Amino acid sequence: MLQKITQNSKIVIIGGGTAGISCALMLKKFHFKNILIVEKNKPTKFMIGESISPVMKTYLLRLDLYSDFLKQNHEKCFGSCSYWGSDRMGYNDTISHTGAVGWHIDRKKFNELFYEKAIKEEIEILENSTFISSKKNFKNQFELKISKKSEKQLILADFVIDASGASSIFSKQQGVLKKIYKPLVCISAFFEKRVLFESKFTHIETCEKGWWYGANLPNEKSIIGFYSLGEIIQQEELHLKNNFLKLAKEMSIFSKFFAENEKINFELKTFYAASFCLEKASGENWLAIGDAASSYDPLTSLGIEKSIVTAIFAAEMLLELSKNTIQDVMGFDKMIQQEFQKYLKFRNYYYQKEQRWKDSLFWSNILLVKNFV
Ligand SMILES: Cc1cc2nc3c(=O)[nH]c(=O)nc-3n(C[C@H](O)[C@H](O)[C@H](O)COP(=O)(O)OP(=O)(O)OC[C@H]3O[C@@H](n4cnc5c(N)ncnc54)[C@H](O)[C@@H]3O)c2cc1C
129 MLQKITQNSK IVIIGGGTAG ISCALMLKKF HFKNILIVEK NKPTKFMIGE
179 SISPVMKTYL LRLDLYSDFL KQNHEKCFGS CSYWGSDRMG YNDTISHTGA
229 VGWHIDRKKF NELFYEKAIK EEIEILENST FISSKKNFKN QFELKISKKS
279 EKQLILADFV IDASGASSIF SKQQGVLKKI YKPLVCISAF FEKRVLFESK
329 FTHIETCEKG WWYGANLPNE KSIIGFYSLG EIIQQEELHL KNNFLKLAKE
379 MSIFSKFFAE NEKINFELKT FYAASFCLEK ASGENWLAIG DAASSYDPLT
429 SLGIEKSIVT AIFAAEMLLE LSKNTIQDVM GFDKMIQQEF QKYLKFRNYY
479 YQKEQRWKDS LFWSNILLVK NFV
């Protein structure tokens, strides 16, 4: 049975990432009065993921964040250039196609922008607090068990929004399965220098073992990432600086930089990049947004945008529920599934375009594995 939703209903959002905070900001705009974000860390922590497309302007405007975003001086990005499927460089140039620019963002600052706006809007955030489990009470509300260090507390919710990122913790506890595609492991090097000189493009290049990504970041910094399968990273010990550097130096996009910089300091970090979709991203008085609902290959550079789009749509659904113009949130799930199908087409198209090493461990496996967990 559905719990009736009004603008006074208690809405609990699990996760204070881009998706969670965007959803809370939209709900606040729609005059929902009782919003709580539960975040297990601090929402302003460091995160990977820095390329965003020109389309983001529209969403930042909707969240009233665009002018403050511009003040943060993120690095402009004019599109991408890549060696993908051929040793001739191809361009996807947003500035000459649309006149619009994207950005390579300072992700920590970007997260701070959302967090500060939430504080300004007096949205309640329980920081360093972890959602553990939930059950329904006799009024059909969720009783959420939250832990902060050794303290435990129960919080009542009329509606729960799972914005817990790729863990999808709440949705999984509702018994929903995930359709999982082959995940990538990313080894990223962070430089206090410009690796790609004055280029305002994202640089991408494939090799037998996976693909490389390079971008200049704000404040004269830059990032190089290598995306591959976990087993290849392990076999080749690419988490070790020397091995990483040796492979990076073979890439055309970085060769000039490494030729001119024999010794260079950088920090290496490893990230897991999931690719999955929940079988069902909504249920009775709950829904999942952002990476909790579906997680895309970083090749798309769509994760941040998707987290905001799904957050806005979720808030709109709650508004419609409160006005009784819809009876459930099934339409939300439909949108998540349709967008995931579009993403799969994009992913398949790009990975199949690279045929030069089609029998290698990476390229022969990347599109194969599919599992339900
Ligand atoms: C290697 C890599 C590179 C990427 N590059 C890009 C890129 O260039 N461009 C792009 O757009 N996207 C990129 N992405 C994707 C992008 O970072 C994500 O899609 C985006 O961060 C999703 O936002 P979210 O709010 O849904 O999830 P998250 O940012 O993961 O936020 C989830 C939040 O939930 C909290 N949480 C989790 N469990 C609990 C719990 N039990 N209780 C309370 N809180 C909890 C977490 O602490 C976290 O703060 C990249 C991802 C990876 C892995």
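Counting from 129, one number per residue, gives the positions in the sequence shown under my numbering. The C-beta atom is built at its ideal place from N, Cα and C for all residues, glycine as well. A quick note: this is a predicted structure, and the numbers were derived from the prediction, not measured.
Whose C-beta lies closer than 7 Å to the C-beta of residue i among residues of the same chain, with five residues either side of it excluded?
i: Lys-156; result: Ile-163, Glu-249 and Ile-251
i: His-367; result: Ile-315, Ile-361, Leu-396 and Thr-398
i: Ile-133; result: Asp-286, Phe-287, Leu-446, Leu-449 and Ser-450
i: His-159; result: Gln-135
i: Leu-345; result: Glu-178, Glu-203, His-232, Asp-234 and Ile-351
Does the distance from the C-beta atom of residue i to that of residue j stay below 9 Å?
i: Ser-295; j: Ala-421; result: no
i: Arg-235; j: Ile-274; result: no
i: Glu-203; j: Ala-317; result: no
i: Ser-261; j: Ile-142; result: no
i: Asp-487; j: Leu-312; result: no
i: Tyr-187; j: Ile-381; result: no
i: Cys-151; j: Phe-329; result: no
i: Lys-306; j: Leu-406; result: yes
i: Thr-428; j: Cys-314; result: no
i: Ser-181; j: Glu-467; result: no
i: Met-445; j: Gly-431; result: no
i: Asn-136; j: Lys-161; result: yes
i: Phe-386; j: Phe-325; result: no
i: Ala-401; j: Asp-461; result: no
i: Ser-278; j: Val-166; result: no
Nearest to residue i by alpha carbon, out of the options?
i: Glu-336; options: Ile-141, Trp-485 and Ala-401; result: Trp-485
i: Trp-231; options: Leu-193, Asn-476, Gly-218 and Val-183; result: Val-183
i: Glu-320; options: Lys-328, Ser-350 and Met-379; result: Ser-350
i: Gln-302; options: Lys-132, Glu-412 and Phe-404; result: Glu-412
i: Lys-138; options: Ile-283, Ala-442, Leu-415 and Ile-233; result: Ile-283
i: Gly-145; options: Asn-136, Asp-196, Leu-254 and Asn-201; result: Leu-254
i: Lys-369; options: Ser-383, Ile-352 and Lys-384; result: Ile-352
i: Tyr-477; options: Leu-324, Gln-465, Ile-494 and Ser-179; result: Ile-494
i: Ala-285; options: Gln-465, Glu-279 and Phe-259; result: Phe-259
i: Phe-197; options: Glu-244, Ile-392 and Phe-174; result: Glu-244
i: Ala-376; options: Ile-332, Val-229, Leu-496 and Pro-346; result: Ile-332
i: Asp-456; options: Lys-481, Ser-214, Thr-334 and Trp-414; result: Trp-414
i: Phe-394; options: Thr-334, Phe-372 and Ile-289; result: Phe-372
i: Lys-481; options: Glu-388, Ser-214, Ser-327 and Leu-191; result: Ser-214
i: Lys-173; options: Ile-392, Lys-237, Met-154 and Leu-153; result: Lys-237
i: Lys-170; options: Leu-189, Ile-149 and Leu-153; result: Ile-149
Beta-carbon within less than 8 Å of residue i's beta-carbon, same chain only, minus the 5 sequence neighbours each way: which residues are those?
i: Leu-489; result: Lys-337, Leu-357, Glu-359 and Ile-360
i: Ser-403; result: Ile-308, Tyr-309, Lys-310, Pro-311, Leu-312, Ser-423, Tyr-424, Asp-425 and Arg-475
i: Lys-264; result: Phe-270 and Glu-271
i: Glu-348; result: Glu-320, Lys-321 and Arg-322
Can you give me the Cβ contacts of residue i inside the same chain, cut-off strictly under 6 Å, excluding the 5 residues immediately before and after it?
i: Tyr-87; result: The structure shown has nothing for residue 87, since the chain only spans 129 to 501.
i: Ala-147; result: Ala-291, Ile-417, Gly-418, Ser-435 and Ala-439
Would you call residue i buried or exposed, if buried means 16 or more other Cβ atoms sit within 10 Å of its Cβ?
i: Gln-483; result: exposed
i: Asn-452; result: exposed
i: Ile-297; result: buried
i: Glu-365; result: exposed
i: Asn-239; result: buried
i: Phe-242; result: buried
i: Leu-193; result: buried
i: Val-570; result: A question about residue 570 goes unanswered here, because the residues of the chain that appear run from 129 up to 501.
i: Lys-168; result: buried
i: Ile-247; result: exposed
Would you say residue i faces chain B, with C-beta separation under 9 Å as the test?
i: Lys-321; result: Of the protein chains in this structure there is only one, and it is not chain B.
### Task
Counting only runs of 4+ residues fully inside the stretch 413-462, write out the alpha helix (DSSP H) ranges in chain order.
Entirely contained in the stretch 413-462, the alpha helix (DSSP H) runs reaching 4 residues are, in chain order, 431-450.
### Query
Taking the runs of the alpha helix (DSSP H) that are 4 residues or longer, which of them lie wholly in the stretch 193-227?
Counting whole runs of 4 or more residues, the stretch 193-227 contains the alpha helix (DSSP H) stretches 194-199 and 222-226.
### Task
Report the residue ranges of all beta strand (DSSP E) runs contained in full by the stretch 288-355; include only those spanning at least 3 residues, in chain order.
DSSP runs (the beta strand (DSSP E)) wholly in the stretch 288-355: 306-319, 330-335 and 338-345.
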